[in-house]
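The structure appears right after this line, and notes come after that.
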Amino acid sequence: MPAYISMRRFLWLFTLAVLTPIYVRSLNPSLNDDVLGLIVFKADIRDPKGKLATWNEDDDSPCGWVGLKCNPRSKRVTELNLDGFSLSGRIGRGLFQLEFLRKLSLARNNLTGTISPNIARIDNLRVLDLSENSLSGVISEDFFRQCGSLRVLSLASNKFSGKIPENLSSCSTIASINLSSNQFSGSFPSGIWSLNGLRSLDLSDNLLEGEVPKGVEGLNNLRAINLGKNQFSGRIPDGIGSCLLARSIDLSENSFSGSLPETMQQLSLCNNLNLRGNSFTGNVPNWIGELKSLESLDLSTNKFSGLVPSSLGNLQSLKVLNFSANDLTGSLPQSLASCTSLMSLDFSQNSMTGDLPSWIFNSSLQVVSLTGKEMSGSMNTPTLLTTTALQFLQVLDLSHNSFSGKIASTVGGLSSLKALNLSNNSLVGPIPVTVGELKFLDNLDLSQNQLNGTIPVEVGGLVSLKELRLEKNKLSGKIPTSIENCSSLTTLILSQNMLSGPIPAAMAKLVKLQNVDLSSNKLAGGLPKQLANLPNLMSFNISHNNLQGELPAGGFFNTISPYSVSGNPSLCGSAVNKSCPAVLPKPIVLNPNSSSDSAPGELPTTMGHKRIILSISALIAIGAAAVIVIGVIAITVLNLRVRSYSSRSAAALTFSGGDEFSHSPTTDNNSGKLVMFSGDPDFSTGAHALLNKDCELGRGGFGAVYRTVLRDGRPVAIKKLTVSSLVKSQGEFEREVKKLGKVRHQNLVALEGYYWTPSLQLLISEFVSGGSLYKHLHEGPGGNVLSWNERFNIILGTAKSLAHLHQLNIIHYNIKSSNVLIDSSGEPKVGDFGLARLLPMLDRYVLSSKIQSALGYMAPEFACKTVKITEKCDVYGFGVLILEVVTGKRPVEYMEDDVVVLCDMVRGALEEGGVEECVDGRLQGNFPAEEAIPVMKLGLICTSQVPSNRPDMGEVVNILELIRCPSEDQEELGSSN
Numbered sequence: 001m002p003a004y005i006s007m008r009r010f011l012w013l014f015t016l017a018v019l020t021p022i023y024v025r026s027l028n029p030s031l032n033d034d035v036l037g038l039i040v041f042k043a044d045i046r047d048p049k050g051k052l053a054t055w056n057e058d059d060d061s062p063c064g065w066v067g068l069k070c071n072p073r074s075k076r077v078t079e080l081n082l083d084g085f086s087l088s089g090r091i092g093r094g095l096f097q098l099e100f101l102r103k104l105s106l107a108r109n110n111l112t113g114t115i116s117p118n119i120a121r122i123d124n125l126r127v128l129d130l131s132e133n134s135l136s137g138v139i140s141e142d143f144f145r146q147c148g149s150l151r152v153l154s155l156a157s158n159k160f161s162g163k164i165p166e167n168l169s170s171c172s173t174i175a176s177i178n179l180s181s182n183q184f185s186g187s188f189p190s191g192i193w194s195l196n197g198l199r200s201l202d203l204s205d206n207l208l209e210g211e212v213p214k215g216v217e218g219l220n221n222l223r224a225i226n227l228g229k230n231q232f233s234g235r236i237p238d239g240i241g242s243c244l245l246a247r248s249i250d251l252s253e254n255s256f257s258g259s260l261p262e263t264m265q266q267l268s269l270c271n272n273l274n275l276r277g278n279s280f281t282g283n284v285p286n287w288i289g290e291l292k293s294l295e296s297l298d299l300s301t302n303k304f305s306g307l308v309p310s311s312l313g314n315l316q317s318l319k320v321l322n323f324s325a326n327d328l329t330g331s332l333p334q335s336l337a338s339c340t341s342l343m344s345l346d347f348s349q350n351s352m353t354g355d356l357p358s359w360i361f362n363s364s365l366q367v368v369s370l371t372g373k374e375m376s377g378s379m380n381t382p383t384l385l386t387t388t389a390l391q392f393l394q395v396l397d398l399s400h401n402s403f404s405g406k407i408a409s410t411v412g413g414l415s416s417l418k419a420l421n422l423s424n425n426s427l428v429g430p431i432p433v434t435v436g437e438l439k440f441l442d443n444l445d446l447s448q449n450q451l452n453g454t455i456p457v458e459v460g461g462l463v464s465l466k467e468l469r470l471e472k473n474k475l476s477g478k479i480p481t482s483i484e485n486c487s488s489l490t491t492l493i494l495s496q497n498m499l500s501g502p503i504p505a506a507m508a509k510l511v512k513l514q515n516v517d518l519s520s521n522k523l524a525g526g527l528p529k530q531l532a533n534l535p536n537l538m539s540f541n542i543s544h545n546n547l548q549g550e551l552p553a554g555g556f557f558n559t560i561s562p563y564s565v566s567g568n569p570s571l572c573g574s575a576v577n578k579s580c581p582a583v584l585p586k587p588i589v590l591n592p593n594s595s596s597d598s599a600p601g602e603l604p605t606t607m608g609h610k611r612i613i614l615s616i617s618a619l620i621a622i623g624a625a626a627v628i629v630i631g632v633i634a635i636t637v638l639n640l641r642v643r644s645y646s647s648r649s650a651a652a653l654t655f656s657g658g659d660e661f662s663h664s665p666t667t668d669n670n671s672g673k674l675v676m677f678s679g680d681p682d683f684s685t686g687a688h689a690l691l692n693k694d695c696e697l698g699r700g701g702f703g704a705v706y707r708t709v710l711r712d713g714r715p716v717a718i719k720k721l722t723v724s725s726l727v728k729s730q731g732e733f734e735r736e737v738k739k740l741g742k743v744r745h746q747n748l749v750a751l752e753g754y755y756w757t758p759s760l761q762l763l764i765s766e767f768v769s770g771g772s773l774y775k776h777l778h779e780g781p782g783g784n785v786l787s788w789n790e791r792f793n794i795i796l797g798t799a800k801s802l803a804h805l806h807q808l809n810i811i812h813y814n815i816k817s818s819n820v821l822i823d824s825s826g827e828p829k830v831g832d833f834g835l836a837r838l839l840p841m842l843d844r845y846v847l848s849s850k851i852q853s854a855l856g857y858m859a860p861e862f863a864c865k866t867v868k869i870t871e872k873c874d875v876y877g878f879g880v881l882i883l884e885v886v887t888g889k890r891p892v893e894y895m896e897d898d899v900v901v902l903c904d905m906v907r908g909a910l911e912e913g914g915v916e917e918c919v920d921g922r923l924q925g926n927f928p929a930e931e932a933i934p935v936m937k938l939g940l941i942c943t944s945q946v947p948s949n950r951p952d953m954g955e956v957v958n959i960l961e962l963i964r965c966p967s968e969d970q971e972e973l974g975s976s977n
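UniProt numbering numbers the first residue of the sequence shown as 1 and each following residue consecutively.
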């Protein structure tokens with residue numbers, strides 16, 4: 001009950017719930033029963049759009065309220081229709097008071113919870129529609145025990161589960177049942193066949209299984225039956241032919257088998273027959289032509305064989321005919337020319353032969369798909385693709401056949417065409433320029449033919465085009481710059497042709513581009529730098545061309561696969577592991593004796609002085625030498641000063657005890673300021689450690705790390721920051737470090753204190769003895785290999801640490817295996833978290849150069865100035881880390897003649913079905929594939945190029961725990977249901 005509810009409403013609700021049987025009935029305020037019931041109902045739901053604002057408990061009658069209808073005489077509510085009101089919450093008890101309610105419709109809302117069986121017991125209720133909500137649970141047997149007046153029941157598109165109660169047959173007057181799009185399981189409730197008044201039955205999109213029982217012949221009034229998208233098997237009951245009034249029969253996407261029962265030929269009124277996606281066998285029966293009312297016939301994706309019956313020509317009303325994905329042979333029957341109402345024809349993926357019948361091009365067809373057959377004929381015959389025929393055609397797919405000849409220039413007359421696929425044929429000649437007249441075309445596929453000539457500039461007229469595929473032809477010439485007009489283009493595949501010239505800079509205007517393949521051509525010149533600005537690019541293959549120069553910097557090109565740029569000897573950049581040569585200006589000629597009379601480049605006439613010729617590079621070399629000499633002298637002097645200063649600073653490193661944050665009272669330049677977050681320790685060898693290379697543990701983007709020992713004998717790690725010029729002011733530095741010092745988690749390296757002077761900053765952390773994950777994976781002894789269980793625990797622990805950081809709004813920025821340490825018990829501890837916050841600003845260049853120094857971990861958005869850096873950067877780095885731990889390979893590995901990017905390698909193996917082979921070979925099969933493969937798939941999801949496609953780290957933790965213990969999770973789900 002909302003907190004704002006008035007005292008009067010509270011008293012009314014209390015009266016209704018407790019005293020109504022005594023008090024209300026004794027006073028007989030019958031006109032108020034509906035008001036009270038509806039107010040109680042309203043109190044149990046949320047109304048975010050205020051649709052029920054007119055419902056006022058002070059009213060004597062609800063008949064003026066929105067969503068209600070009343071009997072004009074009795075003033076009692078007869079209909080409650082709140083469809084699409086965006087209501088949420090539960091369906092409460094208040095509705096039980098509406099004794100004269102005939103129709104209750106709460107469809108298209110967000111209602112949750114279960115439904116009470118008492119709803120169906122409302123004496124006069126005829127229509128109950130609760131479809132398109134989020135109701136759940138099991139429908140109890142009591143729900144249908146007293147439903148004698150119910151005519152229409154719809155619980156579609158909810159989350160109900162369990163079996164459909166057998167006593168549904170108790171609803172003897174019911175005419176329409178819709179339980180579709182739920183999670184009902186078990187067998188078909190045979191009691192349904194006893195409902196003689198049933199006109200419509202929809203149980204589609206559930207988990208029902210087994211054979212459909214006999215008895216359907218008793219449903220003489222049945223108009224529509226939909227059992228699609230379940231797991232039914234066996235044969236169709238013979239009695240279905242007795243449903244003479246049936247208009248629509250949908251048994252699609254099940255496992256029905258055998259032949260079609262002959263009794264179905266009696267369904268003369270049926271206008272929709274959908275048997276798609278089953279295992280029916282045998283010939284398509286000739287009696288199918290007796291169903292003369294058919295408007296849609298779909299027998300696709302079955303095992304029908306033999307010839308297409310000529311009796312189909314009797315179906316004068318037929319609009320949609322789909323026989324695709326069967327084993328049909330022979331040719332299309334000429335009798336189909338009589339089906340003058342036909343709009344969609346699909347015989348693709350069969351074994352049919354013969355020429356393309358001419359009647360197709362004299363019809364009003366909108367969709368023609370004859371792909372994957374052995375049909376033949378010439379594409380430039382006078383009757384084919386004429387301007388007068390096929391004026392309504394929207395989809396033409398003749399791919400994977402044996403059509404030959406040229407594409408008729410009259411193709412431009414197909415003014416309504418949206419998709420044209422002539423791929424995998426034997427077509428020759430040029431692409432007709434008239435193709436540019438197809439203003440509504442969004443998919444053009446002419447690939448794998450023998451087309452020649454150039455890509456016509458008229459292709460720029462395809463303003464609606466989304467996919468253009470011309471690969472594996474003999475096209476030559478340049479890529480036309482007019483392609484910039486195809487502003488909706490997402491896919492451009494021009495590979496394996498003979499295209500030459502440069503890649504047009506105009507392509508950078510196609511901001512929706514996602515997949516580009518220009519490989520195996522003769523393209524030359526450099527890549528336009530503007531391509532780096534394409535925001536949605538996912539693949540860009542330019543391999544095996546003659547391209548040269550530097551790859552574009554930024555965006556997708558920062559993480560482009562080496563495979564996608566291979567075979568271009570003159571390309572340079574990190575992706576091809578080849579540095580670009582410096583471009584130097586031409587030499588400068590210095591001749592003090594030259595006169596204005598001397599022509600450029602001539603020797604002076606006066607030879608009394610030598611001519612002086614110095615290039616810019618020579619001048620730079622001379623200047624550099626001078627700078628080096630001065631630098632050596634300066635560094636020597638500075639080293640002497642620094643050693644003296646460091647000795648004084650180190651001697652001043654003393655700890656004073658205190659509370660959570662304690663520090664020494666001296667903060668001048670000589671002593672510095674030391675703060676420990678707990679305890680009262682002191683260095684015993686701290687100064688020696690900072691000056692002794694033997695105590696150095698490693699170096700990273702922020703500085704070197706040393707091991708030292710506190711006075712109490714406890715070892716700690718000290719990071720000496722080497723980014724002093726970038727570190728914040730003392731006040732900001734201390735605030736950020738103290739925030740990090742409060743972060744505690746079993747999988748995070750604890751920050752224990754810091755030391756500050758203007759020129760020296762130290763961070764003091766707990767010492768983790770087991771070394772880094774990087775060393776365990778790539779530098780450890782051969783006999784000490786991490787087991788699968790250890791690897792999984794490292795992945796899970798690291799995920800938990802990042803999830804904890806993200807809950808605190810801390811981004812790590814630098815996820816890599818060298819920053820994951822392993823303690824003595826094998827638990828991972830993530831270090832260096834949040835150190836980017838010590839910089840005065842989160843500059844992308846600084847982050848990428850100082851922090852994200854390890855190649856392969858950096859999220860692509862670091863290179864895109866328009867994309868916000870968020871926690872999803874950590875998710876990307878973690879995804880790379882997952883693959884590194886599972887495969888034992890570095891994120892990027894350089895081979896003798898190739899560069900292997902780990903993400904691309906695993907993704908390619910997954911697509912080829914060999915992802916299991918990517919698991920570290922040192923495990924020698926000692927790993928559960930049911931864990932390793934899902935973990936690698938999770939890693940690939942985390943490394944999605946699009947940040948919004950990556951999961952949150954909290955979701956990652958849940959997924960990993962589900963992978964580790966799927967049975968426990970299922971038991972919990974089962975118990976919750």
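Glycine included, C-beta positions come from ideal geometry on N, C-alpha and C. All figures in this text were calculated on a predicted structure; none of them were measured in a lab.
I need the boundaries of the alpha helix (DSSP H) containing M905, first residue and last residue. Here residue 905 corresponds to residue number 905 of the sequence shown, with the count starting at 1. Segment 902-911, the alpha helix (DSSP H) holding M905.
Note down the Cα distance separating N220 from D202, rounded to an integer number of angstroms. Taking the first residue of the sequence shown as 1, we reach residue 220 at position 220. Taking the first residue of the sequence shown as 1, we reach residue 202 at position 202. Cα-Cα distance, rounded: 17 Å.
Between the C-alpha atoms of D205 and I225, what's the straight-line distance to the nearest angstrom? On the sequence shown, residue 205 is found 205 positions in, with the first residue counted as 1. On the sequence shown, residue 225 is found 225 positions in, with the first residue counted as 1. The alpha-carbon atoms of D205 and I225 are separated by roughly 13 Å.
Expected contact under 8 Å - CB spacing of C270 and S293 to nearest Å: As a first step, residue 270 is located in the sequence shown; it is residue number 270 there, counting from the start. As a first step, residue 293 is located in the sequence shown; it is residue number 293 there, counting from the start. Separation of the CB atoms of C270 and S293 is rounded to 6 Å, and the pair is thereby assigned contact status at 8 Å.
CB A799 to CB V675, shorter than 7 Å? What you label residue 799 is simply residue 799 of the sequence shown in a count that begins at 1. What you label residue 675 is simply residue 675 of the sequence shown in a count that begins at 1. With contacts defined as CB atoms closer than 7 Å, A799 and V675 fail to qualify as a contacting pair.
In whole angstroms, what is the alpha-carbon distance linking R964 and I882? Numbered from its first residue, the sequence shown carries residue 964 at position 964. Numbered from its first residue, the sequence shown carries residue 882 at position 882. Between R964 and I882, the C-alpha separation is close to 15 Å.
Beta-carbon within less than 7 Å of S944's beta-carbon, same chain only, minus the 5 sequence neighbours each way: which residues are those? Residue numbering aside, residue 944 sits at position 944 when the sequence shown is read from its first letter. Closer than 7 Å at Cβ, skipping near neighbours: R950.
Three CB pairs or more closer than 8 Å across the stretch 825-840 and the stretch 897-907: The stretch 825-840 makes no contact with the stretch 897-907: fewer than 3 CB pairs, one atom from each, lie closer than 8 Å.
Assign M858 to one of two classes, buried (16 or more other C-beta atoms within 10 Å of its C-beta) or exposed (fewer than that). Mapped onto the sequence shown, residue 858 falls at position 858. Buried, since its Cβ has 16 or more Cβ neighbours within 10 Å.
Report the rounded CA-to-CA distance for P562 versus V576, giving the unit in angstroms. Here the question's residue 562 lines up with position 562 in the sequence shown. Here the question's residue 576 lines up with position 576 in the sequence shown. So the two alpha carbons sit approximately 6 Å from each other.
Let me check understanding here. Comparing Cα to Cα, which of A107, N167, L135, F160 lies closest to A146? As a first step, residue 146 must be located in the sequence shown, where it is residue number 146. As written in the sequence, residue 146 is Gln, which differs from the Ala given in the question. Just measuring C-alpha positions, the residue of A107, N167, L135, F160 sitting nearest Q146 is N167.
If I'm right that L451 touches I431 with Cβ under 8 Å, what's the distance once you round it to whole angstroms? Here residue 451 corresponds to residue number 451 of the sequence shown, with the count starting at 1. Here residue 431 corresponds to residue number 431 of the sequence shown, with the count starting at 1. Going by Cβ atoms, the distance from L451 to I431 rounds to 6 Å, so yes, they are a contact pair.
G921 versus K775: straight-line alpha-carbon distance, rounded: On the sequence shown, residue 921 is found 921 positions in, with the first residue counted as 1. On the sequence shown, residue 775 is found 775 positions in, with the first residue counted as 1. Just so you know, the alpha carbons of G921 and K775 end up roughly 17 Å apart.
For S259 versus S233, is the C-beta distance shorter than 7 Å? Locating residue 259 in the sequence shown gives position 259, where the first residue counts as 1. Locating residue 233 in the sequence shown gives position 233, where the first residue counts as 1. Not in contact: S259 and S233 (Cβ atoms no closer than 7 Å).
Which runs of the beta strand (DSSP E) fall wholly inside the stretch 256-296 and span at least 3 residues, in chain order? The stretch 256-296 contains these whole beta strand (DSSP E) runs: 272-274, 279-283.
Going by the DSSP bridge assignment, what does V212 pair with across the sheet? Translated into the one-based positions of the sequence shown, residue 212 becomes position 212. The beta-bridge partner set that DSSP reports for V212 is empty.
Which listed residue (G405, G313, P860) has its alpha carbon closest to that of G289: The count along the sequence shown starts at 1 and reaches residue 289 at position 289. With distances taken between Cα atoms, G289 lies closest to G313.
Residue from K512, A505, K474, A508 with nearest C-alpha to L494: Counting from 1 along the sequence shown, the entry for residue 494 is found at position 494. Nearest C-alpha to L494: K474.
On a CA-only basis, which of R735, C486, L198, C63 is nearest K509? Give me that one, please. Counted from its first residue, the sequence shown places residue 509 at position 509. The shortest C-alpha separation from K509 is found at C486.
Does A53 pass the burial test, meaning 16 or more other C-beta atoms within 10 Å, or should it be called exposed? In the sequence shown, residue 53 corresponds to position 53, counting from 1. Within a 10 Å sphere around the beta-carbon of A53 sit fewer than 16 other beta-carbons, which makes this residue exposed.
Just to confirm, is the Cβ distance from L773 to S825 under 7 Å? Residue mapping note: residue 773 aligns to position 773 of the sequence shown, counting from 1. Residue mapping note: residue 825 aligns to position 825 of the sequence shown, counting from 1. Taking 7 Å as the Cβ cut-off, L773 and S825 do not qualify as a contacting pair.
Quick check on the DSSP output: the beta strand (DSSP E) that includes W756 runs from which residue to which? Your numbering for residue 756 matches position 756 in the sequence shown. Note, W756: beta strand (DSSP E), 751-757.
Just grab the DSSP bridge partners of N515 for me. Numbered from its first residue, the sequence shown carries residue 515 at position 515. DSSP, once it has assigned bridges, lists T491, S539 as partnering N515.
Tell me the rounded alpha-carbon separation between Q349 and S369. Locating residue 349 in the sequence shown gives position 349, where the first residue counts as 1. Locating residue 369 in the sequence shown gives position 369, where the first residue counts as 1. Looking at the two C-alpha atoms, the distance is approximately 9 Å.
Of the residues Q514, S341, S279, which one's Cα is nearest the Cα of S363? Taking the sequence shown and counting its residues from 1, the one referred to as residue 363 is at position 363. If we check each option's Cα against that of S363, S341 comes out closest.
From E752 to H804, what does the alpha carbon distance come to, in whole angstroms? As a first step, residue 752 is located in the sequence shown; it is residue number 752 there, counting from the start. As a first step, residue 804 is located in the sequence shown; it is residue number 804 there, counting from the start. Near 18 Å, if we compare the C-alpha coordinates of H804 and E752.
Report yes or no: do three or more beta-carbon pairs, one from the stretch 543-551 and one from the stretch 883-890, lie closer than 8 Å? Cβ pair count under 8 Å is below three, so no.
Among L763, L427, R121, E766, the one whose alpha carbon lies nearest that of H400: Taking the sequence shown and counting its residues from 1, one reaches residue 400 at position 400. When each option's Cα is compared against that of H400, the closest is L427.
By DSSP's criteria, Q476 is part of a beta bridge. Which residues make up the other side? As a first step, residue 476 must be located in the sequence shown, where it is residue number 476. The question names Gln, but residue 476 in the sequence shown is Ser. Its beta-bridge partners are T454, M498.
Rounded to whole angstroms, what is the Cα-Cα separation between L125 and N118? As a first step, residue 125 is located in the sequence shown; it is residue number 125 there, counting from the start. As a first step, residue 118 is located in the sequence shown; it is residue number 118 there, counting from the start. Looking at the two C-alpha atoms, the distance is approximately 11 Å.
Nearest candidate by alpha-carbon position, reference C63, set P48, L101, Y894, D47: As a first step, residue 63 is located in the sequence shown; it is residue number 63 there, counting from the start. When each option's Cα is compared against that of C63, the closest is L101.
Can you grab the Cα-Cα spacing for the pair L763 / K742, in whole Å? The residue given as residue 763 occupies position 763 in the sequence shown. The residue given as residue 742 occupies position 742 in the sequence shown. If I take the Cα positions, the gap works out to 14 Å.
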